[in-house]
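Engineer: This is the structure, below, for whatever I ask next.
Residue numbers (this note's numbering): 716 to 1074.
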């Protein structure tokens, strides 16, 4: 039986938001429930969005939450490198090979032309697709700037099965022939994730359901290379309310923000496990080790999960009250000091401490 391998592949673009951490948690639970491997891969090919120090934040959060990876940048296995910017030659090799397989083509269109075309139509009908490979290679040899763009059949359908959402069928003519390799030699996410997942032997991919519409394009790449696609587990979004996704851009709390507010890491992990997944029975308080034992993908919901700050506060209180007095005081010491320095409202502080005073 093939060993299950999942991956968490964040971009180093800032703080760890709750939706991203939940993806890491579900990926961890899927594989550890089956004694598999959890892989960390840093997707840093979007250089414009990269934030200094963000990779260290990723390491710190995974370490703080106990989501320890088996392979990754700081714990290399035999399928690295585990940072995409160090894998550029790999992507370039497979992109050119995909052209030879006629599942991609060289595109010489200017950015202005591409922008105008996309403004006028849903899908881009690339005139460069009619060029022969020999003609395209001559233009490349002459120094012309190019990208490599996916070639998608204009007939037929692409079908795949998702563990959560079932069978998904898409007409090929509705799929956009997006860029796979940019003119600077960097891959787009839509190409790099397929190459990396195959070469890193990923068996199960957990990601947000916003990628459902792109998965047919990924599967056409798998098909062109005659590779087996992974098992897909697309999860519903985490919402701020019924209309808006939870987002750091909108000022919603990240993992680091919650920790600064006094929430325990164990309570945060416990709570986000329930954002889109339901255990059997009424119990809601679970350690990470207990979650590993009981987690099952067939309990993941298709419906969006709404982040309930008040419920997180309740759950955090349960964890606080289960601490010994010594544990609580050691944990709260920094908060006492910070609150005193800030000249806080002592009445509010007494409300926070009341459950511990009664013990």
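Where a beta carbon is used, it is the ideal one built from N, C-alpha and C, also for glycine.
Whose C-alpha, out of 812, 872, 876, is nearest the C-alpha of residue 848?
Structural biologist: 812
Engineer: Under three-state DSSP, which class holds residue 1032?
Structural biologist: Three-state result, residue 1032: helix.
Engineer: Residue 995 by DSSP, collapsed to three states: which one?
Structural biologist: coil
Engineer: Expressed to the nearest angstrom, what Euclidean distance is found between the alpha-carbon atoms of residue 852 and residue 906?
Structural biologist: 21 Å
Engineer: According to DSSP, simplified to helix, strand and coil, what is residue 742?
Structural biologist: It is helical.
Engineer: Are residue 945 and residue 920 touching if we call contact CB-CB under 8 Å?
Structural biologist: yes
Engineer: Does the separation of the CB atoms of residue 866 and residue 818 fall below 8 Å?
Structural biologist: yes
Engineer: Take every Cβ of the segment 797-811, pair it with every Cβ of the segment 865-880, and state whether three or more of those distances are shorter than 8 Å.
Structural biologist: Touching, no, given that fewer than three Cβ pairs across the two stretches are closer than 8 Å.
Engineer: Is the CB-CB distance between residue 879 and residue 747 below 8 Å?
Structural biologist: No, the pair does not count as a contact, with Cβ atoms beyond the cut-off.
Engineer: Taking only the alpha-carbon atoms, compute the straight-line gap between residue 1015 and residue 1024 and give it to the nearest angstrom.
Structural biologist: 21 Å
Engineer: From this set, 894, 846, 904, 928, which residue's C-alpha is nearest residue 884's C-alpha?
Structural biologist: 928
Engineer: Compare the beta carbon distance of residue 788 and residue 757 with 8 Å and say whether it is the shorter of the two.
Structural biologist: Yes; because the gap between Cβ atoms is below 8 Å, this pair is in contact.
Engineer: On the DSSP letters alone, give me the boundaries of the alpha helix (DSSP H) that residue 807 sits inside.
Structural biologist: 803-815
Engineer: Roughly how far, in whole angstroms, is the beta-carbon of residue 859 from the beta-carbon of residue 823, given that I think they are within contact range, below 8 Å?
Structural biologist: The pair is a contact, with the Cβ atoms about 6 Å apart (cut-off 8 Å).
Engineer: Using C-beta distances below 8 Å, list every residue in its chain close to residue 861, excluding the 5 sequence neighbours before and after it, in chain order.
Structural biologist: 821, 822, 823, 851, 854, 855, 898
Engineer: Going by DSSP, name the residue or residues bridged to residue 922.
Structural biologist: Bridge partners of residue 922: 949.
Engineer: Per DSSP, which one or two residues make a beta bridge with residue 821?
Structural biologist: 863
Engineer: DSSP state of residue 757, grouped into three classes?
Structural biologist: strand
Engineer: Determine the burial state of residue 882: buried for a count of at least 16 other Cβ atoms within 10 Å of its Cβ, exposed for fewer.
Structural biologist: Exposed, since its Cβ has fewer than 16 Cβ neighbours within 10 Å.
Engineer: Going by Cα to Cα distance, which pick from 797, 1011, 909, 720 is closest to residue 950?
Structural biologist: Checking every option, the nearest Cα to that of residue 950 belongs to 1011.
Engineer: In this structure, does DSSP put residue 990 in helix, strand or coil?
Structural biologist: Residue state, collapsed to three classes: coil.
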